[in-house]
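Below is one structure, written out as structure tokens; comments come after it.
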Amino acid sequence: MATDLFAEIVRDIQAPLDAWLSAHGAEPQQALGRPTRAGSGDLAMACHRYARAFKKAPQMIAVDLAKVAAEHPLVVEATPVAGFLNLRLDGAAVAARTLAWAMADDGALGRSDARAGQTVLVEYSSPNTNKPQHLGHCRNNILGSTVATLLEATGARVVRVNLINDRGIHICKSMVAYRHFGDGVTPESAGEKGDHLVGDFYVRFDKAFRAEHAAYLKAGGAIEDKDAYFNSDDSALGRETREMLQAWEQGDPEVRTLWSLMNGWCEAGFAQTYARMGVRFDQIYKESTTYLLGKDLVDEGREKGIFYAAGNGAMVFDLSRIGLEGEKAVLRSDGTSVYTTQDLGTAVARHAEHAFDRMIYVVGNEQDHHFKVLFGILEALRPELQGTLHHLSYGMVELPHGKMKSREGTVVDADDLMDGLHAAAAEAGRERWPDLDDGALAARAEAIGIGGLKFYLLNYAPQTTFTFDPEKSIDLKGETAAYCLYAYARATSILRKLGEADVGFEPDYTALGGEQPRAVLDAMLAFPGEVEAAARELKPSLVTKATHGLASAFATFYNNSDNRVLGAEPGAMAARAALVRATRRMLGGALALLGITPLEEM
RNA sequence: GCGUCCGUAGCUCAGCUGGAUAGAGCGUCGGACUUCGAAUCCGCAGGUCGCAGGUUCGAAUCCUGCCGGACGCGCCA
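Using numbering that gives the first Met the number 0, read the first sequence as starting at 0 and increasing by one per residue.
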């Protein structure tokens, strides 16, 4: 049984207040909550909104409600203050309940059955197999993976899906470059990860193409626009690439062989990157097998009058149906399908396969418009999908000196980034533990470095476009994974030293009445609500904040010598030991939700 | 032109389904290791919440209009 103890306590105290309000003819509206103002007790409620219903001053209502609240056994003080009802709870009783709950209940680990019976598909990552993954993919992978974990923790059956973009003109560019400059090189012979090797050829293509275009312009060529030049017959490389795509579609054996070879390299590289990030999938789709889906839906939509033929023969959808402007083509005038057609087919096929209650696409906010259109068309075609489709849109990651641009070499490569984080953690670790063997040091550095990346990227709300500072990202101070891991390790250390010294003593919970232990208890009580909100709003940053909040409250508790566990008199020792054990358990659970491995020592 | 997102401390960001004195981290400055691990803690300084109106007992939060930034608006993906 997984419960949210805080919510339970609030409900219990709220009930008689609501009953009183109803009995006096007012609709109960606002729940008790944590007061925003320090020193206002444990729970508070603004009574101003009832003033109209009662035709009475908020101050008077607060006085009446205070009398009702004071009846509750957990409430030791109910004070009306300027129209607010402030409640102080029995600290020892709350502490005893909180610690028992934190040690035994899965709710304290953020688990619940709130989404029991729901099936949710989460699609994330969706890389192209023409170059290695970069910082933007890191945000996507970690965001998608964590959202999936949160939904799972709160009861949903989750299917993690990756749709690999393994076909198309950009893939052919790497292949053309390999054909020209490859000379039989392989990841093994080059000693390079496969995705990086393929990426090298993609860059090589761009370089060769730009040289070709420059020479063309110098010789008096008229087409200045690069894309237009690429698509013209004047560009030999453009022509070769386009012809290769056609050959691929026709199943040309030689082209298919090269394609399989290079895609295999790339996917093997991705697998390593995913494994290191702790990102996994239940199902991997490839566009090479899905790109023709959706054509039957176009026929269906035409019969239903959802699509119609535009002037030049293309099949289009009228976007004014969904409050947007213009038309969206689902078939070109030559009868071939577009990206959206494929997405339509994929969504319908997945619904047939999984009967999902919800499908979440984790994709950058530059595709907001695309998803509005896609969902609008899907809901017109399949009314039963209404309300099930969600685009988890996230902002771009910028660098201190602007955006990431592959052409300008300002891309932060995912593998390099993880190496850098690992190295920074290892360097700090080497100073701390001069005698630790290399293997153990590497394991800790990996946990701290990769955990740091996850925490850093998750700590921003998804829609924010934020600035990634490589220097700060490897910082182990502040609102970081390392900070939370350190709190966990210190709690572990206390308990190791304590052994069983507190066994058999009755905890004296009044020893937890001080400001610092109470702050730890408050952070514990807040945690499940934050996890639920994070799952509901698809916002893992709520979990990183709540985790840091618990670690921070514990650090403050820990650093005050009044709160020593070891050497305290038995009742206080037992109570504080219980607090440390509960903190450790909850921090471990919180880090697990974030995909971060706790360390017993660091 | 239209649409979406964003604008809060020197920097990076929380808070936004309206509530009391707007928060955190970093950075600056000053303190705390003979006491459970200093990758820690404590303290000081730092804000007309982009601007102007409106709604409300009450607005960083809701509405309108401006200003500034990002991204979109394809028979690309």
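Beta carbons: idealized from backbone N, C-alpha and C, even for Gly.
For the beta strand (DSSP E) that contains residue i, what are its first and last residues?
{"i": "VAL579", "result": "Note, VAL579: premise wrong, no beta strand (DSSP E); alpha helix (DSSP H) at 569-592."}
{"i": "GLN58", "result": "That residue, GLN58, is in no beta strand (DSSP E); its alpha helix (DSSP H) goes 57-69."}
{"i": "SER124", "result": "Neither: SER124 is in no beta strand (DSSP E) and is coded neither H nor E."}
{"i": "PRO79", "result": "74-80"}
{"i": "ARG357", "result": "357-363"}
{"i": "MET44", "result": "42-45"}
{"i": "ARG87", "result": "83-88"}
{"i": "ALA308", "result": "306-308"}
{"i": "HIS390", "result": "388-393"}
Could you tell me if residue i is buried or exposed, where buried requires 16 or more neighbouring beta carbons within 10 angstroms of its beta carbon?
{"i": "LEU565", "result": "exposed"}
{"i": "LYS303", "result": "exposed"}
{"i": "LEU20", "result": "buried"}
{"i": "GLY183", "result": "exposed"}
{"i": "VAL502", "result": "exposed"}
{"i": "LYS192", "result": "buried"}
{"i": "ASP3", "result": "buried"}
{"i": "GLY322", "result": "exposed"}
{"i": "ASP63", "result": "buried"}
{"i": "LYS471", "result": "exposed"}
{"i": "LYS453", "result": "buried"}
{"i": "ARG489", "result": "buried"}
{"i": "GLN249", "result": "exposed"}
{"i": "THR185", "result": "exposed"}
Can you grab the Cα-Cα spacing for the pair residue i / residue j, in whole Å?
{"i": "TYR201", "j": "ASN129", "result": "6 Å"}
{"i": "ASP224", "j": "GLY310", "result": "28 Å"}
{"i": "ASP194", "j": "SER336", "result": "29 Å"}
{"i": "ALA77", "j": "LEU42", "result": "9 Å"}
{"i": "ILE8", "j": "VAL160", "result": "39 Å"}
{"i": "GLY293", "j": "THR345", "result": "7 Å"}
{"i": "MET261", "j": "VAL410", "result": "22 Å"}
{"i": "PRO27", "j": "ALA50", "result": "12 Å"}
{"i": "HIS369", "j": "TRP258", "result": "28 Å"}
{"i": "PRO382", "j": "SER332", "result": "27 Å"}
{"i": "VAL121", "j": "ALA92", "result": "42 Å"}
{"i": "ARG279", "j": "ILE222", "result": "45 Å"}
{"i": "ARG320", "j": "ASN458", "result": "38 Å"}
{"i": "GLY325", "j": "LEU484", "result": "52 Å"}
{"i": "ARG584", "j": "ARG495", "result": "14 Å"}
{"i": "ASP298", "j": "ASN127", "result": "29 Å"}
{"i": "GLN245", "j": "GLY181", "result": "21 Å"}
{"i": "ARG602", "j": "ASP436", "result": "Residue 602 falls outside the range modelled here, since the chain spans only 0 to 601, and no answer is possible."}
{"i": "THR256", "j": "LEU236", "result": "20 Å"}
{"i": "ASN558", "j": "ALA480", "result": "19 Å"}
{"i": "ALA22", "j": "ILE493", "result": "52 Å"}
{"i": "LYS54", "j": "GLY82", "result": "14 Å"}
{"i": "GLY198", "j": "ASP414", "result": "13 Å"}
{"i": "ALA14", "j": "ALA6", "result": "12 Å"}
{"i": "SER560", "j": "ALA567", "result": "10 Å"}
{"i": "GLN132", "j": "ASP412", "result": "6 Å"}
{"i": "GLY334", "j": "LEU343", "result": "16 Å"}
{"i": "LEU86", "j": "GLY450", "result": "39 Å"}
Just to confirm the assignment, what range does the alpha helix (DSSP H) spanning residue i have?
{"i": "LYS471", "result": "469-472"}
{"i": "LYS453", "result": "437-457"}
{"i": "ARG10", "result": "4-22"}
{"i": "ARG33", "result": "Neither: ARG33 is in no alpha helix (DSSP H) and is coded neither H nor E."}
{"i": "SER111", "result": "Run containing SER111: none; DSSP gives neither H nor E here."}
{"i": "LYS285", "result": "Run containing LYS285: none in the alpha helix (DSSP H); it sits in the beta strand (DSSP E), 282-285."}
{"i": "LYS294", "result": "294-302"}
{"i": "PRO417", "result": "The question names Pro, yet the displayed sequence has Met at residue 417. 413-431 is the extent of the alpha helix (DSSP H) around MET417."}
{"i": "SER188", "result": "186-189"}
{"i": "ALA603", "result": "Outside the shown range of the chain, which is 0 to 601, sits residue 603, and nothing can be said about it."}
Length at least 3, wholly inside the stretch 495-557: the beta strand (DSSP E) runs in chain order
Qualifying beta strand (DSSP E) stretches: none in this window.
Inter-stretch contact (C-beta, 8 Å, three-pair minimum) for the stretch 267-280 and the stretch 129-144:
For the pair of segments examined, the stretch 267-280 was found to touch the stretch 129-144: the number of CB pairs separated by less than 8 Å reaches three.
4 or more residues per run - each alpha helix (DSSP H) lying fully within the stretch 213-273:
Qualifying alpha helix (DSSP H) stretches, in chain order: 225-229 and 235-248.
Quick check: the stretch 275-288 against the stretch 162-174, are at least 3 beta-carbon pairs closer than 8 Å?
Contact between the stretch 162-174 and the stretch 275-288 is present, because at least three Cβ pairs lie under 8 Å.
Three Cβ pairs or more, each shorter than 8 Å: is that satisfied between the stretch 546-553 and the stretch 69-83?
No contact exists between the stretch 546-553 and the stretch 69-83.
How about the stretch 536-544 and the stretch 589-598: do they share at least three Cβ pairs that are nearer than 8 Å?
They touch, by the three-pair rule.
Would you call the stretch 506-519 and the stretch 571-586 in contact, with 3 or more CB pairs under 8 Å?
A contact exists between the stretch 506-519 and the stretch 571-586.
With a floor of 4 residues, list each alpha helix (DSSP H) that falls wholly inside the stretch 312-381, ordered by position along the chain.
DSSP runs (the alpha helix (DSSP H)) wholly in the stretch 312-381: 338-353 and 367-380.
Would you be able to state if there are at least three C-beta pairs under 8 Å between the stretch 393-401 and the stretch 416-432?
No, they do not touch.
What residue ranges within the stretch 118-178 form continuous alpha helix (DSSP H) runs of no fewer than 4 residues, ordered along the chain?
Within the stretch 118-178, the alpha helix (DSSP H) runs of at least 4 residues that lie entirely inside it are, in chain order, 134-152.
Would you call the stretch 105-112 and the stretch 145-161 touching, i.e. three or more CB-CB distances under 8 Å?
The stretch 105-112 makes contact with the stretch 145-161: 3 or more CB pairs, one atom from each, lie closer than 8 Å.
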